[in-house]
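What follows is a short report on a single structure.
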Amino acid sequence: IIFMALQKTITKNNGVEMNYHRITGVDLMVETNSEDEDNLRLMIRLQSYLNKEYRDRNCPIDSEHYMIPLSTDESTEISGIRQFAYSKLKELPEWADAEDC
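And the structure:
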């Protein structure tokens, strides 16, 4: 497992400087428009800390969400996510007898 973070000094409106930022969650959102084309977006949750020491003590100062649209090329790379989601849904007992259509 690779653990990553970003280092950049950001000053909040109250003057607090944060320089350690880490992704705490990523959601892939797939929406189908009226032409049956997929629009994919990443929702990234980022927590910011005064520094790495505060991260090690799990003391975030700020949390932000970023919605990032994916390009057509990026969408093509992960277009199988919808089929995967249907397959996983059918593994649940209440959907086990559902049929693909």
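Taking the working numbering, the leading residue of the sequence shown gets 3, the next gets one more, and so forth.
Just so it is clear, CB atoms sit at the ideal spot from N, CA and C, and this is done for glycine as well.
Take Met69, set aside five residues on each side of it, and the residues of its chain with a beta-carbon closer than 7 Å to its own are Arg43, Met45, in chain order. Linking Ile63 to Ser89 through their CA atoms gives a straight-line distance of about 39 Å. Per the C-alpha coordinates, the member of Asn35, Lys54, Asp29 positioned closest to Arg47 is Asp29. The bridge partners DSSP lists for Gln9 are Tyr22. Judged by DSSP in its simplified three-state form, Leu52 adopts coil rather than helix or strand. Here the alpha carbons of Asn53 and Val18 stand approximately 11 Å from one another. Closest in C-alpha terms to Tyr51, from the list Lys92, Glu66, Ser73, Glu93, comes Glu66.
Taking 8 Å as the upper bound for CB-CB distance, Thr26 and Gln49 are in contact here, some 5 Å apart. Distance from the CA of Ile12 to the CA of Arg24, rounded to the nearest whole angstrom, comes to 13 Å. Here the C-alpha atom of Leu8 lies approximately 14 Å from the C-alpha atom of Tyr56.
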